[in-house]
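Peer 1: For the sequence shown, the working numbering gives the first residue as 1, with consecutive numbering after it. The C-beta atom is built at its ideal place from N, Cα and C for all residues, glycine as well. Provided herewith is a single structure, encoded as structure tokens, for subsequent inquiry.
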Amino acid sequence: MLSYRAALRRVTALGPHAISAASVALCLFLTVLAVKAPWAPLPRPVIAAAGLAGTGAVWFRGRWPVTVAVVGAGAYVLSGNPGPLLISLFSGAGTRFLPLAAIGTAAFLAQQWVDGGRLGTDALVSAVTATGVTLVAGAYAATRRELTRSLRERAERAETEQRLRDEQARSAERGRIAREMHDVLAHKVTLISLHAGGLEVNAGAGPERVEREAALIRVSAQEALEELRKILGVLRAGPDDDDDGFPDLRRLVDSWAWAGGIVTLHGDIGTWPPETARAAHRLVQEGLTNAHKHAHGAPVTVTAIGSRENGVTITVANGRSPQPSVETGAGVGLVGLAERFRLIGGTVRGGPDDAGGWRLEGRLPWHAADASPRGSHDQDAAG
């Protein structure tokens, strides 16, 4: 035998229209039994008509519960068939408890008066008990139904929010990968272009110069591929989980000097915390790349100053370009750099200086990983 909960779940799963059809069929069956017995001391046509009226009204119990209960009460008194009355009381208990309680009690008392011709305390107790049990069972079913609906909606809402969070996480990851790709590719490709440009300008250079420049181009390309592979592996765990995945600042500056750039370094980041050193490296990388694009041939000065007490300051300043710049750039590098610094509690400021050059400055706390995002960035559109 099925338990009450299993039976209730199966019936509820049928849908409201199927439940109404089953209720009507049950009342119609009881009406046939009431006419055949008969269940009331009235002519059979009256019993049949009253039973059919109550049976038809059961279909509309969800829309007009009180009216259907009144019709069911009349059908019960005239035909002795309690089906329409009990179903209407059970269905409407969740919304019209008190009116249905009065109708049900009156119907049971009237039916006992029709059968016995008198009323007493026992009749009142039995009427109240039958009505109360039916209404309590209906209220419990309605409450459980509403709870199930609420839990289902909450689960669907949670799934929707989870999907949105997943989409946001994927978008953030794509943006982070894009910024890392820009940092690596823009720097390395610019460096390769600088070496290739040197070979093009010095077409008559000796074999040793050509061999040296070709070796630098090959090394730069290999480093770009290696860093891209590291990015694709590290970004799954986090943007700052690799402590030694990037070259130090001295090596970065030397690579530009070997390519023919006029770069001077003051300070070093060899003893800085890994997160702070990596962010500083990215700022210098971006500054050198932009200096080559927009101020080709101008001298560049890189300054790195840091202490536990005062934090870290990194500056990339280039002089006035000896020739007009033909590259405008999209500006996404500085935007991504400013966002990187903001997320670890730093700031980035870039703009022209008094000498007609360009100055890019970044500030960070000593332990960038322990700082809360509070920074901002200023970026001159003319840059």
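1. Decide if Pro-365 is buried, meaning its Cβ has at least 16 other Cβ atoms within 10 Å, or exposed.
2. Could you check which residue in Pro-273, Thr-289, Arg-165 has the C-alpha nearest to that of Ala-257?
3. CB-CB under 8 Å to His-17, same chain, minus the five flanking residues each way: which ones, in chain order?
4. So, using beta-carbon positions, are Phe-108 and Ala-130 closer together than 8 Å?
5. Excluding sequence positions up to five away, which residues of its chain have a Cβ less than 6 Å from the Cβ of His-367?
6. Where does Pro-207 sit, in a helix, a strand or coil, going by DSSP?
7. Which residue from Arg-282, Asn-310, Leu-343, Gly-306 puts its Cα closest to that of Gly-333?
8. Can the beta-carbon of Val-77 be found less than 8 Å from the beta-carbon of Val-125?
9. CB-CB under 7 Å to Ser-376, same chain, minus the five flanking residues each way: which ones, in chain order?
10. Cutting at 8 Å between CB atoms, please list the residues of its own chain near Asp-380, excluding the five before and the five after it.
11. Between the Cα of Val-264 and the Cα atoms of Ala-304, Glu-286, Arg-278, which residue gives the shortest distance?
12. With DSSP run on the structure shown, which of helix, strand or coil describes Pro-274?
13. Tell me whether Leu-42 sits in a helix, a strand or coil according to DSSP, three-state version.
14. Between Pro-65, Leu-28, Ile-217, Gly-62, which has its C-alpha nearest Ala-50's C-alpha?
15. Considering only residues of the same chain and omitting the five flanking positions on each side of Thr-55, which have a CB-CB separation below 7 Å?
16. List the whole-angstrom C-beta distance separating Leu-86 from Gly-92, where the pair is believed to meet the contact cut-off of C-beta under 8 Å.
17. Identify which residue in Glu-146, Ala-196, Asp-268, Gln-162 has its Cα closest to the Cα of Gln-218.
18. Cβ atoms of Leu-252 and Val-300: under 8 Å apart, would you say?
19. Would you report the Cα separation of Asp-268 and Glu-226, rounded to the nearest angstrom?
20. Out of Val-335, Arg-359, Arg-363, Arg-118, which has the shortest C-alpha to C-alpha gap to Ala-280?
21. For Pro-352, does the three-state DSSP call read helix, strand or coil?
22. Classify Gln-111: buried if its beta carbon has 16 or more other beta carbons within 10 angstroms, exposed otherwise.
Peer 2: The answer reads as follows:
1. Per the 10 Å Cβ criterion, buried.
2. The option with the nearest alpha carbon to Ala-257 is Thr-289.
3. There are no such residues.
4. The beta carbons of Phe-108 and Ala-130 sit closer together than 8 Å.
5. Around His-367: Pro-273.
6. DSSP places Pro-207 in the helix class (H, G or I) of the three-state scheme.
7. Closest in C-alpha terms to Gly-333, from the list Arg-282, Asn-310, Leu-343, Gly-306, comes Arg-282.
8. No, Cβ-Cβ distance for Val-77 and Val-125 is not below 8 Å.
9. Interpretation of Ser-376 is limited by its pLDDT of 41, a score under 50 that renders its predicted location unreliable; the figure taken from the coordinates is listed afterwards. For Ser-376, where only same-chain residues beyond five positions count, the Cβ hits under 7 Å are Arg-342, Thr-347.
10. Because the pLDDT of Asp-380 is 40, which lies under 50, any placement of that residue in the model is unreliable, and the number read from its coordinates should be weighed accordingly. If we look at Asp-380 and ignore the five residues flanking it on each side, its Cβ neighbours are Gly-350, Gly-351, Pro-352.
11. For the record, residue 264 in the displayed sequence is Thr; it is not Val. When only C-alpha atoms are compared, the closest one is Ala-304.
12. Of the three classes helix, strand and coil, the one that applies to Pro-274 here is helix, per DSSP.
13. In the structure shown, Leu-42 sits in coil (DSSP, three-state: anything other than H, G, I, E or B).
14. Nearest neighbour of Ala-50 by Cα position, chosen from Pro-65, Leu-28, Ile-217, Gly-62, turns out to be Leu-28.
15. If you ignore the 5 residues before and after Thr-55, its C-beta comes within less than 7 Å of the C-beta of Val-24, Cys-27, Leu-28, Thr-31, Pro-84, all in its own chain and listed in chain order.
16. Not really, about 11 Å apart at Cβ, beyond 8 Å.
17. Note on residue identity: the sequence assigns Arg, not Gln, to residue 218. Residue Ala-196 is the option with its Cα nearest to Arg-218.
18. Result no, Cβ atoms of Val-300 and Leu-252 do not sit closer than 8 Å.
19. Asp-268 and Glu-226 have their C-alpha atoms roughly 24 Å apart.
20. Of the candidates Val-335, Arg-359, Arg-363, Arg-118, the one whose C-alpha sits nearest the C-alpha of Ala-280 is Arg-363.
21. The answer is strand: DSSP assigns Pro-352 an E or B state.
22. So Gln-111 ends up on the buried side.
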